[in-house]
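Asks: Handing you this structure, nothing more for now.
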Amino acid sequence: MSRYNGQAPHGYNEGYNNYDPAADGWTHTGSNDKSRVDFYERDNTRMDYYPTTGTVKTSMNHPAQGPTQMFRRGLDADSFGKVCNEPRHHTGQGYQTKANQHNPGK
Numbered sequence: 000m001s002r003y004n005g006q007a008p009h010g011y012n013e014g015y016n017n018y019d020p021a022a023d024g025w026t027h028t029g030s031n032d033k034s035r036v037d038f039y040e041r042d043n044t045r046m047d048y049y050p051t052t053g054t055v056k057t058s059m060n061h062p063a064q065g066p067t068q069m070f071r072r073g074l075d076a077d078s079f080g081k082v083c084n085e086p087r088h089h090t091g092q093g094y095q096t097k098a099n100q101h102n103p104g105k
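Numbering of the sequence shown is given in numbering that gives the first Met the number 0, commencing with residue 0 and proceeding in unit increments.
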């Protein structure tokens, strides 16, 4: 399912942390019911948010490292808000992947 399907956001975050990424300028682009994920974009950064588990993946072209993905798990409302405000924010609750010369884009 495309991240640009325009499907309305899930109501899951109401029970988890009640935080709306639109408050930090994120645009909702779609969702996937099966995976229970909402897709957002801001500037050149993409965010996948799994509100039932508090997991967030941000994908961006890092100024020094090139294309990167950061995964954070089990975020509370405060940490999720910090990630929405600054997608490069390190929470200490996840890991990062980045492209390399032998395997670009992965």
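The beta carbon of each residue, even a glycine, is placed where N, CA and C say it ideally should be.
Answer yes or no: do residue 51 and residue 38 have a C-beta to C-beta separation smaller than 8 Å?
Replies: no
Asks: Could you check if residue 26 is buried or exposed, using at least 16 other CB atoms within 10 Å of its CB as the buried criterion?
Replies: exposed
Asks: Can you tell me which of the three DSSP states residue 37 falls into?
Replies: strand
Asks: Just to confirm the assignment: which complete beta strand (DSSP E) runs, minimum length 3, are found wholly within the stretch 18-77?
Replies: 26-31, 36-41, 44-49, 54-61 and 65-71
Asks: Could you tell me the alpha carbon to alpha carbon distance between residue 22 and residue 61, rounded to whole angstroms?
Replies: 23 Å
Asks: Just to confirm my understanding: we take residue 46, look at its own chain, exclude 5 residues before and 5 after, and list those with CB closer than 6 Å. What are they?
Replies: Around residue 46, the same chain offers 39 and 57 as residues with beta carbons nearer than 6 Å, after the five sequence neighbours per side are excluded.
Asks: For a test of the three-state rule: what should DSSP assign to residue 82, helix, strand or coil?
Replies: Helix at residue 82.
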